[in-house]
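The structure under discussion appears below in the form of structure tokens.
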Amino acid sequence: MEMRKVLALELQKIMQINKYIIIINADLARAAGLSDLYEIFPERCFNVGVAEQNMAGVAAGFSSYGFIPFIFTFTPFATRRICDQIAISICYAKQNVKIFGLDPGIAAENNGGTHMSVEDVGVLRSIPKITIFEPCDEFQLKSALPEVISRDGAVYVRLFRKECVSIFDENYKFSFLKADKLREGADVSVFCTGLMVEESILAAEELAKSGISAEVINIHTVKPIDKESIIASVRKTGRAVTAENHNIIGGLYSAVSEVLSLNCPAPMRSVGINDEFGQVGRIQFLKSYYGMTKNVIVNKVMELLNEKK
Amino acid sequence: MDELERICIQVRKDIMLQIGTFGVGHVGGSLSIVELLVVLYRLHMRFDPQKPEMSGRDRLIVSKGHSGPAVYAILCNEGFFSRDWLLTLNQPDTNLPSHCDMNKTPGIDMTTGSLGQGFSCAVGVALASRLCSDGAYIYVILGDGELQEGQIWESAMFAAHEFLNNLIVFIDYNDAQIDGRIGQVCGIEPLAEKWRAFGWEVVEIGDGNSCREVNDGITFAKNTKRPCAVILHTIKGKGVSFVENSGVLSHSMVISKENMNLAFMELDSRI
Numbered sequence: 003m004e005m006r007k008v009l010a011l012e013l014q015k016i017m018q019i020n021k022y023i024i025i026i027n028a029d030l031a032r033a034a035g036l037s038d039l040y041e042i043f044p045e046r047c048f049n050v051g052v053a054e055q056n057m058a059g060v061a062a063g064f065s066s067y068g069f070i071p072f073i074f075t076f077t078p079f080a081t082r083r084i085c086d087q088i089a090i091s092i093c094y095a096k097q098n099v100k101i102f103g104l105d106p107g108i109a110a111e112n113n114g115g116t117h118m119s120v121e122d123v124g125v126l127r128s129i130p131k132i133t134i135f136e137p138c139d140e141f142q143l144k145s146a147l148p149e150v151i152s153r154d155g156a157v158y159v160r161l162f163r164k165e166c167v168s169i170f171d172e173n174y175k176f177s178f179l180k181a182d183k184l185r186e187g188a189d190v191s192v193f194c195t196g197l198m199v200e201e202s203i204l205a206a207e208e209l210a211k212s213g214i215s216a217e218v219i220n221i222h223t224v225k226p227i228d229k230e231s232i233i234a235s236v237r238k239t240g241r242a243v244t245a246e247n248h249n250i251i252g253g254l255y256s257a258v259s260e261v262l263s264l265n266c267p268a269p270m271r272s273v274g275i276n277d278e279f280g281q282v283g284r285i286q287f288l289k290s291y292y293g294m295t296k297n298v299i300v301n302k303v304m305e306l307l308n309e310k311k
Numbered sequence: 017m018d019e020l021e022r023i024c025i026q027v028r029k030d031i032m033l034q035i036g037t038f039g040v041g042h043v044g045g046s047l048s049i050v051e052l053l054v055v056l057y058r059l060h061m062r063f064d065p066q067k068p069e070m071s072g073r074d075r076l077i078v079s080k081g082h083s084g085p086a087v088y089a090i091l092c093n094e095g096f097f098s099r100d101w102l103l104t105l106n107q108p109d110t111n112l113p114s115h116c117d118m119n120k121t122p123g124i125d126m127t128t129g130s131l132g133q134g135f136s137c138a139v140g141v142a143l144a145s146r147l148c149s150d151g152a153y154i155y156v157i158l159g160d161g162e163l164q165e166g167q168i169w170e171s172a173m174f175a176a177h178e179f180l181n182n183l184i185v186f187i188d189y190n191d192a193q194i195d196g197r198i199g200q201v202c203g204i205e206p207l208a209e210k211w212r213a214f215g216w217e218v219v220e221i222g223d224g225n226s227c228r229e230v231n232d233g234i235t236f237a238k239n240t241k242r243p244c245a246v247i248l249h250t251i252k253g254k255g256v257s258f259v260e261n262s263g264v265l266s267h268s269m270v271i272s273k274e275n276m277n278l279a280f281m282e283l284d285s286r287i
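Protein sequences, first through last, are from chains A and B.
Under our numbering, the first residue of the first sequence is numbered 3, with each subsequent residue one higher.
Under our numbering, the first residue of the second sequence is numbered 17, with each subsequent residue one higher.
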């Protein structure tokens, strides 16, 4: 099922019970798949029009009254466009706002460079206390949603709108504090997130054919990051590759590097957008253009393994 | 002497006390809104200083957050905290930072300081109040220079769209911003027409430093069907001659102990 459909259905269930949930969007209710919620809960759903700054402030105001507002727009407009509103009206003021950025990075596809956020995680990650989460499939999203609501403060959810390959199943149990170890390995740690989880698993399968054992860990929450899992894995494998749908500056590669440099320095490689802007194209084209494929991950692992220790 | 005017003098003295004790601060725009604060807290707002978080209270959001010292003076007068707090403005670990902070100061309803943002928050508060049917009024104070922020007009448009008649905005039109007179930096006229064009009721108060005129404006604004903007023509630095005479330079000023005492003497002479 499409991620936005899963989100809307889950929110519908939650909103029946939790009367404090407020939905606010900036002229993207249909794109976000939220139209039904606007029909069912008209008194708790708002559309501010194309005015993202106001959306963030209105949400902060609702939060100051004890409500739990969710705001929605495309990823770049949910982050870089309203960075100061998120920093001051929401985070500094300790408001409880859930920020949904739709179609991160190359998922913007044919909306192209203006809509392709290569920097959203980097923009937000340096704001104190914010939580940054990216579900990799519908089961993770579903399991995480109650946690997103109960976690006090600002939570940024980086959400791919369309259908994802399932990584988990109905039994999956989400915790903000615990990264998902998807595959045990001994030779290299592959830390991945979002769209790159599937590529990382495929890469690990490919590497296994050559007798290389890759540990794959989904870092669904880049802030606060699960340091223990990262350190434990690299202590075992001695090397790490990160794979993300974001600029390698400011995102997962940076976050994992920060953890390792302090606790367990190790040779690393990054897979992601190499400090370039986005462009139009389908996901497969963009993955290949920016080097975000399983083959690139395999190559980076081989580079590391061929390095002298 | 009128009781409200007596309180205005005390509030002005307490603004000078806070800024004079620290040595520097946003004097001009604090002194210009004194009558507004006194009339709001004495005659209109529903609040309980013993329960600053009381649900259903009227709320004041000072979007021009740098006027913190003025708000602290009236909150102190109303009993939200003790007078000795006024001596701690901007000192380490203070509960009174230069810009309003809802997590530090009892009675402050929103964290403000990045101009333009408090108004949007107030729109959210007004919607929340309406959803709760608690009958609260949501008051907002905007600076005139602050109206140059684009976010102000996003908020104005949406508040009118939602018919938020529990939302009352005051514009502290003292015609001075950091770099000059408003019209020299980036003009905001025709101001009343702008707000009307955005779907607001507008009332213009010729002397925004007159308690009587301010009260008339608030009374009118509480009874409109749409959100209402009250344009207050005020004087930056009002009530303290050397601050008034500094014109646009009074936005943030050094206040020596000597000048603080001069201000006290001038204000006391009016009692």
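Glycine is no exception: its CB is placed at the ideal position from the N, C-alpha and C atoms.
I'd like the span of the alpha helix (DSSP H) that includes A80 (chain A), first residue to last. Here residue 80 (chain A) corresponds to residue number 78 of the first sequence, with the count starting at 1. Residues 77 to 80.
Suppose you measure from the CA of P130 (chain A) to the CA of Y94 (chain A); what does that come to, to the nearest Å? As a first step, residue 130 (chain A) is located in the first sequence; it is residue number 128 there, counting from the start. As a first step, residue 94 (chain A) is located in the first sequence; it is residue number 92 there, counting from the start. Roughly 8 Å between the two C-alpha positions.
Our contact map puts T133 (chain A) next to Y174 (chain A) with C-beta atoms below 8 Å; I'd like the distance itself, whole angstroms only. Here residue 133 (chain A) refers to the residue found at position 131 when the first sequence is read from its first residue. Here residue 174 (chain A) refers to the residue found at position 172 when the first sequence is read from its first residue. 19 Å between Cβ atoms; not a contact.
Throw me the rounded Cβ distance for the G196 (chain B) and V259 (chain B) pair, which I believe falls under 8 Å. Within the second sequence, the letter at position 180 stands for residue 196 (chain B). Within the second sequence, the letter at position 243 stands for residue 259 (chain B). With 8 Å as the limit, G196 (chain B) and V259 (chain B) do not qualify as a contact, their Cβ atoms being about 17 Å apart.
Best match in A:I203, A:K183, A:A205, A:S191 for proximity to S259 (chain A) [C-alpha to C-alpha]: For the purposes of this step, residue 259 (chain A) is taken as the residue at position 257 of the first sequence. When only C-alpha atoms are compared, the closest one is A:S191.
Going by DSSP, which residues form a beta bridge with D195 (chain B)? Position 179 of the second sequence, counted from the first residue, corresponds to residue 195 (chain B). Per DSSP, none; premise fails for D195 (chain B).
Under DSSP, the alpha helix (DSSP H) around H177 (chain B) begins and ends at which residues? For the purposes of this step, residue 177 (chain B) is identified with residue 161 of the second sequence, where counting begins at 1. Note, H177 (chain B): alpha helix (DSSP H), 166 to 177.
Residue from A:I101, A:V199, A:K225, A:E41 whose Cα sits closest to the Cα of I219 (chain A): Indexing the first sequence from 1 puts residue 219 (chain A) at position 217. Checked all of A:I101, A:V199, A:K225, A:E41; the closest Cα to I219 (chain A) is A:V199.
Is it true that the CB of G59 (chain A) sits closer than 8 Å to the CB of S91 (chain A)? In the first sequence, the residue the question calls residue 91 (chain A) occupies position 89. In the first sequence, the residue the question calls residue 59 (chain A) occupies position 57. Closer than 8 Å, so yes.
Between the C-alpha atoms of A28 (chain A) and F178 (chain A), what's the straight-line distance to the nearest angstrom? For the purposes of this step, residue 28 (chain A) is identified with residue 26 of the first sequence, where counting begins at 1. For the purposes of this step, residue 178 (chain A) is identified with residue 176 of the first sequence, where counting begins at 1. Rounded to the nearest angstrom, the two C-alpha atoms are 28 Å apart.
Under 8 Å by Cβ, that's how I've got D117 (chain B) and R75 (chain B) pegged, so tell me the actual separation to the nearest angstrom. Residue numbering aside, residue 117 (chain B) sits at position 101 when the second sequence is read from its first letter. Residue numbering aside, residue 75 (chain B) sits at position 59 when the second sequence is read from its first letter. About 15 Å; that fails the 8 Å criterion.
Hey, out of A:A110, A:I101, A:L307, whose CA is closest to Q286 (chain A)'s CA? As a first step, residue 286 (chain A) is located in the first sequence; it is residue number 284 there, counting from the start. Per the Cα distances, A:A110.
Pairing CB atoms from the stretch 100 to 119 of chain B with CB atoms from the stretch 49 to 56 of chain A, are three or more of them under 8 Å? no
N119 (chain B) CB to nearest chain A CB: under 8 Å? On the second sequence, residue 119 (chain B) is found 103 positions in, with the first residue counted as 1. It does; some Cβ of chain A falls within 8 Å.
In terms of DSSP beta bridges, what is S191 (chain A) paired with? As a position in the first sequence, residue 191 (chain A) is number 189, starting the count at 1. DSSP output for S191 (chain A) lists A:E217, A:A242 as bridge partner(s).
Just by C-beta distance, which residues in the stretch 138 to 172 of chain B are closer than 8 Å to chain A? A138, V139, G140, V141, A142, L143, A144, S145, L147, C148, G166, Q167, E170, S171
With distance defined between alpha-carbon atoms, name the residue in A:K15, A:A205, A:V120 nearest to I251 (chain A). The residue you call residue 251 (chain A) lines up with position 249 of the first sequence. With distances taken between Cα atoms, I251 (chain A) lies closest to A:V120.
For E4 (chain A), which residues does DSSP report across the bridge? For the purposes of this step, residue 4 (chain A) is taken as the residue at position 2 of the first sequence. The partner list for E4 (chain A) (beta bridge, DSSP) reads A:E165.
The stretch 55 to 85 of chain A: which residues have C-beta closer than 9 Å to a C-beta of chain B, in chain order? Q55, N56, M57, A58, G59, V60, A61, A62, G63, F64, S65, S66, Y67, G68, F69, P71
Does any residue of chain B bring its CB to less than 8 Å from the CB of K175 (chain A)? Walking along the first sequence from the start, residue 175 (chain A) turns up at place 173. K175 (chain A) does not count as touching chain B.
Cβ shell of S65 (chain A) (< 8 Å), same chain only, five flanking positions each side left out: Along the first sequence, read from residue 1 onward, the residue named residue 65 (chain A) stands at position 63. Excluding sequence neighbours, S65 (chain A) sits near P71, I92, Q97, N98, V99.
Could you tell me which whole alpha helix (DSSP H) segments of length 4 or greater appear in the stretch 184 to 239 of chain B? 198 to 201, 207 to 213, 227 to 237
So T239 (chain A) and Y255 (chain A) are supposed to be a Cβ contact under 8 Å. How far apart are they, rounded? Within the first sequence, the letter at position 237 stands for residue 239 (chain A). Within the first sequence, the letter at position 253 stands for residue 255 (chain A). Going by Cβ atoms, the distance from T239 (chain A) to Y255 (chain A) rounds to 17 Å, so no, they are not a contact pair.
Taking the C-alpha atoms as reference points, what is the distance between R28 (chain B) and A245 (chain B)? As a position in the second sequence, residue 28 (chain B) is number 12, starting the count at 1. As a position in the second sequence, residue 245 (chain B) is number 229, starting the count at 1. Cα to Cα, the separation comes out at about 25 Å.
Confirm, please, whether the CB-CB distance from F43 (chain A) to M17 (chain A) is below 8 Å. The residue you call residue 17 (chain A) lines up with position 15 of the first sequence. The residue you call residue 43 (chain A) lines up with position 41 of the first sequence. In contact: M17 (chain A) and F43 (chain A) (Cβ atoms closer than 8 Å).
Can you list, in chain order, the residues of the stretch 38 to 53 of chain A whose Cβ is nearer than 8 Å to any Cβ on chain B? E45, R46, F48, V50, G51, A53
Comparing alpha-carbon positions, which option in B:M269, B:L163, B:L102, B:R242 lies nearest R212 (chain B)? On the second sequence, position 196 is the one that residue 212 (chain B) refers to. Checking every option, the nearest Cα to that of R212 (chain B) belongs to B:R242.
Given this structure, state the Cα-to-Cα distance separating E172 (chain A) from E140 (chain A), to the nearest angstrom. As a first step, residue 172 (chain A) is located in the first sequence; it is residue number 170 there, counting from the start. As a first step, residue 140 (chain A) is located in the first sequence; it is residue number 138 there, counting from the start. Rounded to the nearest angstrom, the two C-alpha atoms are 9 Å apart.
Where DSSP assigns a beta bridge to R185 (chain A), which residues make up the other side? Residue numbering aside, residue 185 (chain A) sits at position 183 when the first sequence is read from its first letter. Paired residue(s): A:V218.
Q66 (chain B) at chain A interface by Cβ criterion, 8 Å: For the purposes of this step, residue 66 (chain B) is taken as residue 50 along the second sequence, with counting starting at 1. Not an interface residue.
Identify which residue in A:G155, A:V167, A:L209, A:M304 has its Cα closest to the Cα of R185 (chain A). Here residue 185 (chain A) is taken as the residue at index 183 of the first sequence, counted from 1. Ranking the options by Cα distance to R185 (chain A), first place goes to A:L209.
If you run the structure through DSSP and keep just helix, strand and coil, what is Y155 (chain B)? Locating residue 155 (chain B) in the second sequence gives position 139, counting from the first residue. Strand at Y155 (chain B).
Excluding the 5 residues preceding and the 5 following W101 (chain B) in the sequence, name in chain order all residues of the same chain whose CB lies nearer than 7 Å to its CB. Translated into the one-based positions of the second sequence, residue 101 (chain B) becomes position 85. Cβ within range, chain order: C92, N111, L112.
Expected contact under 8 Å - CB spacing of I157 (chain B) and K80 (chain B) to nearest Å: Taking the second sequence and counting its residues from 1, the one referred to as residue 157 (chain B) is at position 141. Taking the second sequence and counting its residues from 1, the one referred to as residue 80 (chain B) is at position 64. The pair is a contact, with the Cβ atoms about 6 Å apart (cut-off 8 Å).
Looking at the structure shown, is G253 (chain A) part of a helix, part of a strand, or coil, going by DSSP? Within the first sequence, numbered from 1, the residue matching residue 253 (chain A) stands at position 251. Reduced to three states, the DSSP call for G253 (chain A) is coil.
I need the straight-line Cα distance from S128 (chain A) to T81 (chain A), nearest angstrom please. Here residue 128 (chain A) refers to the residue found at position 126 when the first sequence is read from its first residue. Here residue 81 (chain A) refers to the residue found at position 79 when the first sequence is read from its first residue. Between S128 (chain A) and T81 (chain A), the C-alpha separation is close to 12 Å.
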